[in-house]
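**Q**
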Amino acid sequence: MPELPEVETVRRGLSPSFVGARIARAEARRPNLRFPFPERFVARLEGRRVQDLRRRAKYLLADLDSGETLAMHLGMSGSFRVEEQPVGQFYHPRGKPSHDHVVFDFESGARVVYNDPRRFGFMDLIETVRLDKHPLFADIGMEPLGPEFNAAALAAALEGSRAPLKAALLDQRRIAGLGNIYVCEALHDARLSPMREAGSLKRSETTKLARAIKQVLEAAIEAGGSTLRDHRQTDGQLGYFQHNFAVYDREGAACGHTRCGGIVSRAVQAGRSTFYCGACQS
DNA sequence: CTCGTCCCCTGGGAGC
DNA sequence: TGCTCCCAGGGGACGA
14 MPELPEVETV RRGLSPSFVG ARIARAEARR PNLRFPFPER FVARLEGRRV
64 QDLRRRAKYL LADLDSGETL AMHLGMSGSF RVEEQPVGQF YHPRGKPSHD
114 HVVFDFESGA RVVYNDPRRF GFMDLIETVR LDKHPLFADI GMEPLGPEFN
164 AAALAAALEG SRAPLKAALL DQRRIAGLGN IYVCEALHDA RLSPMREAGS
214 LKRSETTKLA RAIKQVLEAA IEAGGSTLRD HRQTDGQLGY FQHNFAVYDR
264 EGAACGHTRC GGIVSRAVQA GRSTFYCGAC QS
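For the first sequence, position 17 matches number 30 in my numbering, and the numbering has no gaps at all.
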């Protein structure tokens, strides 16, 4: 599910519950998600106050007053929901598995539940001062909404890459937080072919692309992210940026660019769908 | 190194 | 209805 805009939407939704709050009780309802939970996971959470809730790439980072940071990745299907009035312990509609895997009960009485049917998400506890050097974060590239991101920085990140543009933009070591949806959308916005060799862009093209990436991400955050099936804002609301997709999941539809007249195509790159307009993206 | 392929897992939708 | 097959927002482990 979640790319940068969805994770940022979740961060904003969770902040009122997390920041400044103390975790009175935590619960992991299984030993692992994609990876095992860290040693003594629950014990290291209980009694801790959350000092800040940040985002880096597609990770949520809750800084605890113990000097550790709870790093959370939502994988493909992870979501959080906030229950001001906890609904109950093991509510399984129609007996189906709930996929509620982690529960945070705060002193305030608020409950935050992490749900993840596919369990591609994971959580870890990392010493805060060493976070940037941790293997999960050491190689992650620049934030596209950060102050250091511009056409020159993008050009530098793509320089020398012989990979298709699509694959290079998905590579978290070059740029952080982009996924399949927003890469497709940004490339269409910038009228660049996903098949272009990443290192071959001219300066005018990296300028257009940098602008498109920022614009698409900001618009998606504004819309509360995109809900294809799983993504919810933490209050249960759907995101609605999917209604603004120009190409993603729109194979056969008309290209929205003025006077283009092209049709959206689907191709497979690196095992994943790429949506683009062959008429105006070059 | 850098690239492409496969795989982890569950559920939803299409097609028969 | 109920199969079966295909596909899905991420990214780590491989092998070439």
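Heads up, the beta-carbon is just placed ideally off N, CA and C, and yes, glycines get one too.
Helix, strand or coil: how does DSSP classify residue 163 here?
**A** For the purposes of this step, residue 163 is identified with residue 150 of the first sequence, where counting begins at 1. Three-state DSSP puts residue 163 in coil, outside helix and strand.
**Q** Exposed or buried, residue 109, counting other C-beta atoms within 10 Å across all chains shown (16 or more means buried)?
**A** Counted from its first residue, the first sequence places residue 109 at position 96. Residue 109 should be labelled exposed.
**Q** Going straight from the alpha carbon of residue 162 to that of residue 59, what length do you get?
**A** Counting from 1 along the first sequence, the entry for residue 162 is found at position 149. Counting from 1 along the first sequence, the entry for residue 59 is found at position 46. Approximately 38 Å, taken between the alpha carbons.
**Q** What is the rounded straight-line gap between the Cα of residue 18 and the Cα of residue 56?
**A** Here residue 18 refers to the residue found at position 5 of the first sequence. Here residue 56 refers to the residue found at position 43 of the first sequence. Approximately 31 Å between the Cα atoms of the pair.
**Q** If we count the other Cβ atoms within 10 Å of its Cβ and call it buried at 16 or more, is residue 237 buried or exposed?
**A** Here residue 237 is taken as the residue at index 224 of the first sequence, counted from 1. That one is buried.
**Q** Secondary structure at residue 281, three-state DSSP: helix, strand or coil?
**A** Locating residue 281 in the first sequence gives position 268, counting from the first residue. In the structure shown, residue 281 sits in a strand (DSSP, three-state: E or B).
**Q** Determine the closest residue to residue 259 out of 184, 225, 135, with distance taken between C-alpha atoms.
**A** Position 246 of the first sequence, counting from 1, holds the residue named residue 259. Out of 184, 225, 135, 225 has the C-alpha closest to the C-alpha of residue 259.
**Q** Could you tell me if residue 76 is buried or exposed, where buried requires 16 or more neighbouring beta carbons within 10 angstroms of its beta carbon?
**A** Counting from one through the first sequence, the residue named residue 76 turns up at place 63. Result: buried.
**Q** Given a cut-off of 8 Å, decide if residue 189 and residue 156 are closer than it, judged by their beta-carbon atoms.
**A** Position 143 of the first sequence, counted from the start, is the residue given in the question as residue 156. Position 176 of the first sequence, counted from the start, is the residue given in the question as residue 189. In this structure, residue 189 lies closer than 8 Å to residue 156 by Cβ.
**Q** Using the Cβ count rule (16 or more neighbours within 10 Å means buried), how would you classify residue 192?
**A** As a position in the first sequence, residue 192 is number 179, starting the count at 1. With 16 or more neighbouring CB atoms inside 10 Å of its own CB, residue 192 falls in the buried class.
**Q** By a C-beta neighbour count over all protein chains shown, 10 Å radius and 16 as the cutoff for buried, is residue 129 buried or exposed?
**A** Here residue 129 refers to the residue found at position 116 of the first sequence. It counts as buried.
**Q** Are the CB atoms of residue 248 and residue 26 within a distance shorter than 8 Å?
**A** Within the first sequence, numbered from 1, the residue matching residue 26 stands at position 13. Within the first sequence, numbered from 1, the residue matching residue 248 stands at position 235. Yes. Within cutoff.
**Q** Measure from the alpha carbon of residue 93 to the alpha carbon of each residue in 23, 279, 29, then state which is nearest.
**A** On the first sequence, position 80 is the one that residue 93 refers to. Comparing Cα positions, the closest option is 23.
**Q** In angstroms, rounded to a whole number, what distance separates the CA positions of residue 36 and residue 138?
**A** Within the first sequence, the letter at position 23 stands for residue 36. Within the first sequence, the letter at position 125 stands for residue 138. Approximately 15 Å between the Cα atoms of the pair.
**Q** Roughly how many angstroms lie between the CA atoms of residue 223 and residue 159, to the nearest whole one?
**A** By 1-based counting over the first sequence, the position of residue 223 is 210. By 1-based counting over the first sequence, the position of residue 159 is 146. Cα to Cα, residue 223 sits roughly 12 Å from residue 159.
**Q** If I'm right that residue 150 touches residue 69 with Cβ under 8 Å, what's the distance once you round it to whole angstroms?
**A** As a position in the first sequence, residue 150 is number 137, starting the count at 1. As a position in the first sequence, residue 69 is number 56, starting the count at 1. Contact check for residue 150 and residue 69: beta-carbon distance about 6 Å, within the 8 Å limit, so the pair qualifies.
**Q** For residue 63, list the residues DSSP reports as bridge partners.
**A** Position 50 of the first sequence holds residue 63. Paired residues: 77.
**Q** So residue 144 and residue 178 are in contact, right, with Cβ under 8 Å, and what is the actual spacing, rounded?
**A** The sequence position of residue 144 within the first sequence is 131, counting from 1. The sequence position of residue 178 within the first sequence is 165, counting from 1. Contact doesn't hold; Cβ gap of about 30 Å is too wide.
**Q** Identify the residues that DSSP records as bridge partners of residue 119: which are they?
**A** Translated into the one-based positions of the first sequence, residue 119 becomes position 106. For residue 119, which the question treats as bridged, DSSP gives the partners 36.
**Q** Along the chain, where does the alpha helix (DSSP H) that runs through residue 48 open and close?
**A** One-based indexing of the first sequence puts residue 48 at position 35. Per DSSP, residue 48 is not a residue of any alpha helix (DSSP H), being assigned neither H nor E.
**Q** Note down, in chain order, each residue of its chain lying with its Cβ closer than 8 Å to the Cβ of residue 62, except the 5 sequence neighbours on either side.
**A** In the first sequence, residue 62 corresponds to position 49, counting from 1. Same-chain partners within the cutoff: 33, 34, 35, 36, 77, 78.
**Q** Just mark residue 265 as buried or exposed, buried being the case when its beta carbon has 16 or more other beta carbons within 10 Å.
**A** Here residue 265 refers to the residue found at position 252 of the first sequence. Exposed, since its Cβ has fewer than 16 Cβ neighbours within 10 Å.
**Q** Among the candidates 253, 89, 267, whose CA atom is the shortest distance from the CA of residue 243?
**A** Stepping through the first sequence from its first residue, residue 243 is reached at position 230. Among 253, 89, 267, the Cα nearest to that of residue 243 is on 89.
**Q** Between residue 240 and residue 252, what straight-line distance do the alpha-carbon atoms span, to the nearest angstrom?
**A** On the first sequence, position 227 is the one that residue 240 refers to. On the first sequence, position 239 is the one that residue 252 refers to. Straight-line Cα distance between these residues: approximately 5 Å.
**Q** Tell whether a beta-carbon distance below 8 Å holds between residue 81 and residue 40.
**A** Mapped onto the first sequence, residue 81 falls at position 68. Mapped onto the first sequence, residue 40 falls at position 27. In this structure, residue 40 does not lie closer than 8 Å to residue 81 by Cβ.
**Q** Can you tell me the Cα-Cα spacing of residue 169 and residue 232, whole angstroms?
**A** On the first sequence, position 156 is the one that residue 169 refers to. On the first sequence, position 219 is the one that residue 232 refers to. Each residue's Cα considered, the two are about 25 Å apart.
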